[in-house]
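Working notes, beginning with the structure itself.
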Amino acid sequence: VVYEQEGVFIHSSCGKNDDQDSLIAGILRVIEKENEVVVDWRPVDETLDTSNILCAGKDSSSVVEWTQTPKEKRSRGADRPSSYEAEWDIVTTVSFKKKPHSNGDATTHANGESEWSFLFSLADLKSIKQNKEGMGWSYLVFCLKDDVKLPALHFHRGDSKPFIKCLEKHIALNESPHDERVLLVKPQKSLSQSFENLFDEPSYGLLQKWKKDPYVVTMGKFSKVTNYIVGSLRSSDTSNQRRPPSEMADFLNDTIPGLKINQQEEPGFEVITRIDLGKQPEVSRREPVSAEEWAKNMDSEGRILNVGCIKQMIFKGGLCHTLRKEAWKFLLGYFPWNSTKEERANLQKRKTDEYFRMKLQWKSVSEEQEKRNSRLRDYRSLIEKDVNRTDRTNKFYEGEDNPGLILLHDILMTYCMYDFDLGYVQGMSDLLSPVLYVMENEVDAFWCFVSYMDQMHQNFEEQMQGMKTQLIQLSHLLRLLDSGFCSYLESQDSGYLYFCFRWLLIRFKREFSFQDILRLWEVMWTELPCQNFHLLLCCAILESEKQQIMDKHYGFNEILKHINELSMKIDVEYILCKAEAISMQMMNCKELPQTVSEILGIENSSVTPDSDTGEDESGAELSCPASLYQSVSAPVTAANGTRDGAQQAAETQSLA
1 VVYEQEGVFI
11 HSSCGKNDDQ
21 DSLIAGILRV
31 IEKENEVVVD
41 WRPVDETLDT
51 SNILCAGKDS
61 SSVVEWTQTP
71 KEKRSRGADR
81 PSSYEAEWDI
91 VTTVSFKKKP
101 HSNGDATTHA
111 NGESEWSFLF
121 SLADLKSIKQ
131 NKEGMGWSYL
141 VFCLKDDVKL
151 PALHFHRGDS
161 KPFIKCLEKH
171 IALNESPHDE
181 RVLLVKPQKS
191 LSQSFENLFD
201 EPSYGLLQKW
211 KKDPYVVTMG
221 KFSKVTNYIV
231 GSLRSSDTSN
241 QRRPPSEMAD
251 FLNDTIPGLK
261 INQQEEPGFE
271 VITRIDLGKQ
281 PEVSRREPVS
291 AEEWAKNMDS
301 EGRILNVGCI
311 KQMIFKGGLC
321 HTLRKEAWKF
331 LLGYFPWNST
341 KEERANLQKR
351 KTDEYFRMKL
361 QWKSVSEEQE
371 KRNSRLRDYR
381 SLIEKDVNRT
391 DRTNKFYEGE
401 DNPGLILLHD
411 ILMTYCMYDF
421 DLGYVQGMSD
431 LLSPVLYVME
441 NEVDAFWCFV
451 SYMDQMHQNF
461 EEQMQGMKTQ
471 LIQLSHLLRL
481 LDSGFCSYLE
491 SQDSGYLYFC
501 FRWLLIRFKR
511 EFSFQDILRL
521 WEVMWTELPC
531 QNFHLLLCCA
541 ILESEKQQIM
551 DKHYGFNEIL
561 KHINELSMKI
571 DVEYILCKAE
581 AISMQMMNCK
591 ELPQTVSEIL
601 GIENSSVTPD
611 SDTGEDESGA
621 ELSCPASLYQ
631 SVSAPVTAAN
641 GTRDGAQQAA
651 ETQSLA
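Just so you know, the sequence shown maps onto residues 1 to 656 in the UniProt record's numbering.
Structural data, given as structure tokens:
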């Protein structure tokens, strides 16, 4: 209990304040629990039986059902004094009843007092209304996120300011621009909530969390989400009628405002689907770039001689592990490609000083200071939780008191000082872990992580703009690649590709093995063969699974489960080959839709207008020379994204 105040009353009958029966005395408390902070009010003589407590909106917008009876409506006379606030009227015109929970054990107690008890989580608080200064007893009215208002609490002994100050240690409160009496709860960043114990909650609560925070749910175990999503979004009617695509699109749009994925089924929308992309070319990969090849492309002062050639070799084969520590600094932009060894040494010296100045900022914060800095306290709490469960099976991070874990924690805390507005949000530890593993150096890992976050920043911002854009772009690419598969996904309420959310959010980190992620990321960082190559990787994975999904007539639930279970089962080399083949297919297309050309950064010689746009065709040469990508020797034909060693060996060739 972090706050407790006696003498906090509910006025149960307006206009009769001289009648002691109209005042219900109670105790107001703020209670810190392991995963949440709750506000609790109950009458002073109420028993400690928790079944008496009216739980307001913790996991559902209708745990509390407040109904207005016809008799009570008629009793609201016009002779009531105008000085009474509307919130006071609520408690005389509304009867409070506990809605039976799913287990049926909730009852209304005869003594009446228990009906007034309530508690709610601060996570569900939307706003607080206060009375004006000098207007009698201080009172507060809580409005929850489901727009349910709780009865006004009147502070007969002292004012409400200490209570408000206590709340501000846990949530941010801002004065409403429309009413100075109203304090609005500033929403937390979408990813800032811990998803610990998320899947132990009832299904209705989990659905609400998914709608509020798709990041957290998609970062978790998708297979456990399927039953409640399908049960909540599909009609319970035995005829199993499919919900209209527009309705499903509306649901996702509520989840991610601004997300516009076309779900039209009219023939006119299929204009771009009639474009023939031709057969996917045969593609092979080479051996990883060796230390000898890297050294040959460097002059006596340490400059890279042929950046394009090096990037192409990395794209086609990745790097041998001994090179990663040096090469990743170039790929991520920490080291300029044209820098000398001496220039890089000077840069590292400056960056080391800068890093430790920022680290000292959070290291020197005292416990007393941190008590008054809720954001820093929240960042630290999230980081500590996430660090303790990030890649713990990897030897670099396994065991207790592992130095790798300490570095992971310190780098993430220092990043909060570097970008305090963004701070720390869940998923960032997944991006840092492989970088630190490769660098084995705190300072170098930090600055490489900063460069990576520059690319990924929009994925973690509160407005989710990066995620919106990528899901829309992926929809365009997949429709061009296979309109039939897109139509099938739409027929199963899956056309908005929600199951790709986690892939995009943390760049496949949880879909591939740790070593495969090192290979995948270094290939993507070359920025070859076009923009947004990671979206083509999504297309490659989905196209590989298309046959099974369609042949077995997977529905909404099965698609979600199947995609989730691909984790750690995808052959990275096969998917890289397939994605490259798709890129060549699109770059060789002479009628590529303009939208797709813009997504991939391709200037096509004959761009077709997008559906319903009516734009004229225009001509330009490809910006990506085809000669750079014609390392062709073997078809991409594996059934399930797997190839045996003999086939891989046969496909290997030297770029030279």
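We treat Cβ as the ideally placed atom computed from N, Cα and C, and that holds for glycine.
Residue nearest to residue i in terms of C-alpha spacing, selected from the options
i: His11; options: Arg372, Ser22, Val2; result: Ser22
i: Lys371; options: Asp40, Leu167, Asn532; result: Leu167
i: Lys145; options: Lys311, Leu184, Arg157, His562; result: Leu184
i: Arg157; options: Ser121, Val8, Leu150, Leu173; result: Val8
i: Asp493; options: Ile559, Pro529, Val365; result: Ile559
i: Lys186; options: Val30, Gln548, Asn174; result: Asn174
i: Trp137; options: Phe155, Leu150, Lys149, Pro151; result: Phe155
i: Glu301; options: Val438, Thr340, Val425; result: Thr340
i: Ile570; options: Ser284, Ile310, Phe512; result: Phe512
i: Val283; options: Leu600, Glu598, Gln585; result: Gln585
i: Ser491; options: Phe514, Glu442, Gly555, Glu461; result: Gly555
i: Leu305; options: Arg324, His321, Asn338; result: Asn338
i: Gly484; options: Gln547, Leu28, Asn557; result: Gln547
i: Glu565; options: Val307, Cys577, Ile549, Pro177; result: Ile549
i: Pro281; options: Glu580, Glu36, Gly423, Gln594; result: Glu580
i: Leu405; options: Leu150, Phe420, Glu440, Ile171; result: Glu440
i: His321; options: Ala345, Tyr334, Asp299, Glu287; result: Glu287
Pairwise C-alpha distance: residue j and residue i
i: His534; j: Lys349; result: 34 Å
i: Glu6; j: Leu489; result: 58 Å
i: residue 688; j: Asp276; result: Lying outside 1 to 656, the shown extent of the chain, residue 688 is not represented and no answer is given.
i: Val572; j: Asp124; result: 42 Å
i: Met318; j: Gln465; result: Checking the displayed sequence, the identity of residue 318 turns out to be Gly instead of Met. Cα to Cα, Gly318 sits roughly 30 Å from Gln465.
i: His476; j: Tyr3; result: 53 Å
i: Ile383; j: Glu34; result: 16 Å
i: Val289; j: Ile314; result: 6 Å
i: Lys129; j: Phe142; result: 7 Å
i: Phe508; j: Ser127; result: 38 Å
i: Val596; j: Ile517; result: 27 Å
i: Glu326; j: Thr526; result: 15 Å
i: Lys552; j: Tyr498; result: 20 Å
i: Leu480; j: Asn588; result: 14 Å
i: Tyr379; j: Gln531; result: 33 Å
i: Ser121; j: Val39; result: 6 Å
i: Phe118; j: Trp41; result: 6 Å
i: Arg377; j: Phe163; result: 20 Å
i: Val387; j: Ser583; result: 37 Å
i: Tyr139; j: Ser374; result: 25 Å
i: Gln470; j: Tyr496; result: 11 Å
i: Lys316; j: Glu591; result: 27 Å
i: Val523; j: Tyr574; result: 13 Å
i: Leu347; j: Phe460; result: 28 Å
i: Gln473; j: Val37; result: 40 Å
Start-to-end residues for the beta strand (DSSP E) that takes in residue i
i: His170; result: Looking at the DSSP string, His170 is not in any beta strand (DSSP E), and its letter there is neither H nor E.
i: Pro43; result: 37–43
i: Cys416; result: First-last for Cys416: 403–418, but that is the alpha helix (DSSP H), not the beta strand (DSSP E).
i: Cys500; result: Neither: Cys500 is in no beta strand (DSSP E) and is coded neither H nor E.
i: Ser121; result: 118–121
i: Val141; result: 138–144
i: Glu4; result: 3–11
Where the alpha helix (DSSP H) containing residue i begins and where it ends
i: Leu183; result: Run containing Leu183: none in the alpha helix (DSSP H); it sits in the beta strand (DSSP E), 182–185.
i: Arg29; result: First-last for Arg29: 23–32, but that is the beta strand (DSSP E), not the alpha helix (DSSP H).
i: Lys341; result: 341–363
i: Glu367; result: 367–371
i: Ile310; result: 307–317
i: Lys329; result: 321–331
i: Tyr379; result: 374–387
i: Lys129; result: Unbroken run through Lys129 is the beta strand (DSSP E), 125–130; no alpha helix (DSSP H).
Any non-hydrogen atom of the ligand GTP within 6 Å of residue i CB
i: Asn557; result: For the structure depicted, the ligand GTP is absent and the ligand set is empty, with no information on it obtainable.
At 4 residues or longer, and completely inside the segment 553–602: list those alpha helix (DSSP H) runs for me, N to C. Counting whole runs of 4 or more residues, the segment 553–602 contains the alpha helix (DSSP H) stretches 556–564, 572–587, 594–600.
Is the number of C-beta pairs between the segment 386–402 and the segment 350–368 that are closer than 8 Å three or more? no
Using 8 Å as the cut-off, can you tell me whether the segment 428–435 makes contact with the segment 379–393, which would need three or more C-beta pairs spanning the two stretches below that distance? The answer is yes - the segment 379–393 touches the segment 428–435, with three or more Cβ pairs under 8 Å.
Any contact of the segment 290–298 with the segment 502–519, i.e. 3+ C-beta pairs under 8 Å? no
Do the segment 534–547 and the segment 329–341 touch if we need at least three Cβ pairs shorter than 8 Å? Result no; under three Cβ-Cβ pairs closer than 8 Å.
If you scan the segment 481–544 from start to end, which runs of the alpha helix (DSSP H) of 4 or more residues do you find wholly inside it? 483–491, 501–505, 514–524
Which runs of the alpha helix (DSSP H) spanning at least 4 residues fall entirely within the segment 412–461, listed in chain order? DSSP runs (the alpha helix (DSSP H)) wholly in the segment 412–461: 428–439, 442–456.
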